[in-house]
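Right, one structure below, let's go through it.
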Amino acid sequence: MTRSRHEEHRRGGGSRRETMIIIGGGLSGLSTGCYARMNGYQTQVFEMHEIPGGSCTSWDRSDFTFDWCVSWLLGNGPGNEMYQIWLELGALQGKEMRHFDAFNIVRGQDGRAVYFYSEPDRLEAHLLDLSPADAAPVREFCQGIRTFRKALAVYPFLKPVGLMSRTERWRMLASFIPYFNTVRKSLSVLMTDYARRFRDPLLREAFNFILYEKHPAFPVLPFYFQLAAHANQSAGVPEGGSLGLVRSVEERYRKCGGEITYNAKVEEILVERDRAVGVRLSDGREFRADIVVSAADGRTTVMELLKGRYLNDTYRRLYTSLIDEPGQLMPGYVSLFLGLRKPFPEGDPCTTYLLPERATSGLLGMRCPSMNVQFRTRHYPELAPRESTVVYVTYFSDIAPWRALREGPEQSPRVRRGEELHTLPVKHGREYTAAKRRVRNGVVSFLDERFPGLSDAVAVADVSTPLTQVRYTGVHNGAFPGWNPFVEGAETLEKEIKKNGPVLPGLSDFYLSGVWATIGGLIRAAAAGRHVMQFICRDDGLEFTAETDDSAPPPTQRIIPVGPPPRHSRQAGESGPAAAPAPGPALSGSALTDPAT
15 MTRSRHEEHR
25 RGGGSRRETM
35 IIIGGGLSGL
45 STGCYARMNG
55 YQTQVFEMHE
65 IPGGSCTSWD
75 RSDFTFDWCV
85 SWLLGNGPGN
95 EMYQIWLELG
105 ALQGKEMRHF
115 DAFNIVRGQD
125 GRAVYFYSEP
135 DRLEAHLLDL
145 SPADAAPVRE
155 FCQGIRTFRK
165 ALAVYPFLKP
175 VGLMSRTERW
185 RMLASFIPYF
195 NTVRKSLSVL
205 MTDYARRFRD
215 PLLREAFNFI
225 LYEKHPAFPV
235 LPFYFQLAAH
245 ANQSAGVPEG
255 GSLGLVRSVE
265 ERYRKCGGEI
275 TYNAKVEEIL
285 VERDRAVGVR
295 LSDGREFRAD
305 IVVSAADGRT
315 TVMELLKGRY
325 LNDTYRRLYT
335 SLIDEPGQLM
345 PGYVSLFLGL
355 RKPFPEGDPC
365 TTYLLPERAT
375 SGLLGMRCPS
385 MNVQFRTRHY
395 PELAPRESTV
405 VYVTYFSDIA
415 PWRALREGPE
425 QSPRVRRGEE
435 LHTLPVKHGR
445 EYTAAKRRVR
455 NGVVSFLDER
465 FPGLSDAVAV
475 ADVSTPLTQV
485 RYTGVHNGAF
495 PGWNPFVEGA
505 ETLEKEIKKN
515 GPVLPGLSDF
525 YLSGVWATIG
535 GLIRAAAAGR
545 HVMQFICRDD
555 GLEFTAETDD
565 SAPPPTQRII
575 PVGPPPRHSR
585 QAGESGPAAA
595 PAPGPALSGS
605 ALTDPAT
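Counting in the numbering used here, the sequence shown runs from 15 upward without gaps.
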C-alpha cells in the first residue's frame, strides 16, 4: 500500500491516529510497543502465553532454569548500530555481557577438534597448526573476518532501506566501498563450496558447522559477519539469559506507559471498509484501535487472522506455495536439557559433534548427523544451583516425523481458575513420548562416554520438539526464526518490504512486524519494531524519535577463556580449564517443553 492511501484514510477519519494494538508479546512485539510509546502512541499488546518473549524464553525444572534461546546476541557490545537498538530497548543496561574467546568448537568422529576462535590472528595460527597445507583458504578466510570487523561499524540497522532518501542510500553505499570486494565475494560463494577447498578432511567438514549446525543455503558472508561481531565483543551472551533479556524490554515498555495482556489469543483482525480497526480474542472480546500491528507468525496473520483477503501475487505465493517448499523456512529444533547434580568443569561452552551413524539412530527427525552441545552453566551460571551443571543439546529437525507420531491437537486451550490458557502441555501419545525418550537416552549415552559420570548425575531432563515450538508460539512448522535467509522466499519478502513497506495491499491501518517481516534472529526482531514505527510515523507525518534508556548503567563486558586447543592429545572430550562467572539467583519462567519425559 502506498503512503497516499494511508493518508486518505486518515483524512477521512478527521484526526491523527493515536491508538495501536500489537499482536504478539515476543521481542518484536515489545520492541514495536517501546518505539510506539516513544513516539506518543497509546499501545496495547496481546500475548497468548503467560509470559513475554515468544521463542526468546527460559523455564524452570526443579531448581534449574533451562535457557532455550540466546547462545550469542548480536550487538551486545559497542561499535555498531545494533548496540544502540538494545540500549534504546533497555535490554542490556546494568548487566554483564559474557564473551567466550572461542565461538564454537567442532569435533570430528575421531576426537580431533577445531577451535573457531573469532580473533582472526589466533584462528589463523590454530588452523595452520592443524593443516599447513591449507594455508591459502585459511588466510583468505581470516582476512575476510578482519575486513568485516571494520565493516560492522557502518552496517545499517537503525533505518530501513525503504525509507532512506537517495542521498542516504548513496552515503550508505559509499561507506561500504572499502569492503565491497570482500562483501561481494562472500555473498557469491556458498560455505559448502568454500569448505571443499580444504585438503584436511576435518576442516572440510568443520567449516560448515561454525554456526553450530549446517546451513546448506548460507554463503560465506554470515560466517564472516558472526565471527567478526564476536571478535569485536559484540556477540556474547547477556547476564540473566533469554527471559531476562525480554523481561528487561518488557519493563522498558511498561515504564514508557505501554499495556500488555497475557493469556489473550487473537483469533481475528477486525476489518471495516478495508481498514484494520481492531481484534477479536478467542473468548469473544473485541478491542478497537486506530492501528493494528501483527508481530505474530506470518502465515497465521495473513491466512487466518485476515482470512487470506489481502494478498498480492507476492504474498499469495509466499504463503500458499513457497512456505511449504523444502528449505524455504528455517528448520525446527529438537532440544534436550539436562540438570546435573555435579559440576563438570571440563565441559566446554559450545561444541558441535560430528556424529557416527550409530549415534544418530534414535534421534528422530535429524537433518544432519551432528548435534550442538553446550555446557550452559558456562553461559548462565546464575540459572543453576551451586555445584551443578546444565547441559543444552540441540539438532535441526523436520517437524513431519514428529507430527506423524502425535495424537490429538497441537494446541489445547483450557480454562483454569476462570482464565483461558493457550499453551498448556498436550499429551501426544505413547509413540511420541517414546521417541522423546529415545532422544534423551541416546544423547545421555553419547555424552556419558565423553564425560564419565554424567548419566548418574542427571537430576532432571526435558525434551522439546518442533511441535513444542508450535504449541508455545504458533509459529508455522516450528520454524525458528521464520524464513531461511539467502533463499527465494526470504529474498522475495525483502524486495516486497523494501518496495512497499511492512503492509498488505489494499488494507489500511495495518502493519507487519517481527521476523516474518524481516530476515534473521533476535537483533532483526528488535530492529523490526524500530523500523515499523518509522513507517507508521512517516505515514502520520511525524518525525520518528528514539532515545536510550538511562535508568541503569551501561552493560559491562567480560571475556571468558575457553582454553587452548588440545595440541598434545586427540582424545574426545579433552579441553582446557573452565572459567565461569560465579553463580547467582535463578530466574523463573514457564516451560517451552512438552510433558517431561
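Quick reminder that beta carbons are idealized off the backbone N, C-alpha and C, glycines included.
Residue burial is scored here from C-beta neighbours: Arg183 has fewer than 16 other C-beta atoms within 10 angstroms and is therefore classed as exposed. Between Arg75 and Asp476, the gap from beta carbon to beta carbon is short of 8 Å. Distance between Ser522 and Thr334, taken at the CA atoms: about 22 Å. For the pair Asp81 and Tyr446, the CB atoms are not nearer than the 8 Å cut-off. In this structure, Gly503 sits away from Gly176, with a CB-CB distance that is not shorter than 8 Å.
With fewer than 16 other Cβ atoms inside 10 Å of its own Cβ, Asn195 counts as exposed. Beta bridge pairing from DSSP links Gly298 with no other residue. The beta carbons of Ile35 and Thr46 sit no closer together than 8 Å. In the DSSP annotation of this structure, the continuous segment of the beta strand (DSSP E) that includes Trp73 starts and ends at 72-75.
Taken atom to atom, the span from the alpha-carbon of Phe78 to that of Ala105 is near 23 Å. The continuous stretches of alpha helix (DSSP H) do not include Gly122, and DSSP gives it neither H nor E. Straight-line measurement puts the Cα of Ala150 at about 43 Å from the Cα of Gly467. The C-alpha of Met62 lies about 28 Å from the C-alpha of Arg444. Look at Gly346 here: in three-state DSSP terms it is strand. Here Arg544 really is in contact with Leu172; their C-beta atoms are around 7 Å apart, less than 8 Å. One alpha carbon belongs to Thr391, the other to Ala398, and they sit about 7 Å apart. By the beta-carbon neighbour count (other beta carbons within 10 angstroms, threshold 16), Glu286 is exposed.
The bridge partners DSSP lists for Ser384 are Leu368. Annotated as distal: Thr532 and Ser69, with beta-carbon spacing of 8 Å or more. Using a C-beta cut-off of 8 Å, the stretch 192-209 makes no contact with the stretch 547-562, since fewer than three inter-stretch Cβ pairs fall below that distance. With respect to Tyr169, Ser200 sits apart: the two C-beta atoms are not nearer than 8 Å.
Taking C-beta atoms under 8 Å as the contact rule, Leu526 and Ser308 qualify, at a distance of about 6 Å. Sequence-distant partners of Leu225 (beyond 5 residues in either direction) whose C-beta falls short of 8 Å from its own C-beta, in its chain, are Asn118, Phe232, Pro236, Phe237, Gln240. The residues Pro495, Val529, Thr532, in chain order, have a CB closer than 8 Å to that of Arg538 in the same chain once the five nearest residues on each side in sequence are set aside. By the CB criterion at 8 Å, Gln107 and Pro567 fall inside the cutoff.
By the Cβ-count criterion, Ala449 is buried, with 16 or more other Cβ atoms from all chains shown falling within 10 Å of its own Cβ.
The beta carbon of Arg294 sits closer than 7 Å to the beta carbons of Glu281, Glu282, Leu284, Glu300 from its chain, once the five residues preceding and following it are set aside; these are given in chain order. In the three-state reduction of the DSSP assignment, Ile413 falls in the coil class, being assigned neither a helical nor a strand state. Taking the Cα positions, Asp564 is about 51 Å away from Pro370.
Inside the stretch 477-531, DSSP marks whole beta strand (DSSP E) runs of 3 or more residues at positions 524-526, from first to last along the chain. Counting C-beta atoms within 10 angstroms of its own C-beta, Lys509 has fewer than 16 neighbours from the protein chains shown and is therefore classed as exposed. Selection Ile574, Phe558, Asp304, Pro480 evaluated against Pro174 yields Phe558 as nearest (Cα-Cα). DSSP, reduced to helix, strand and coil, places Gln98 within a helical segment of the structure shown. Of the candidates Ala127, Leu101, Tyr131, the residue whose Cα lies closest to the Cα of Asp115 is Tyr131. Within a 10 Å sphere around the beta-carbon of Ser42 sit 16 or more other beta-carbons, which makes this residue buried.
Judged by beta-carbon spacing, His436 lies beyond the 8 Å limit of Pro423, meaning their Cβ atoms are not closer than that value.
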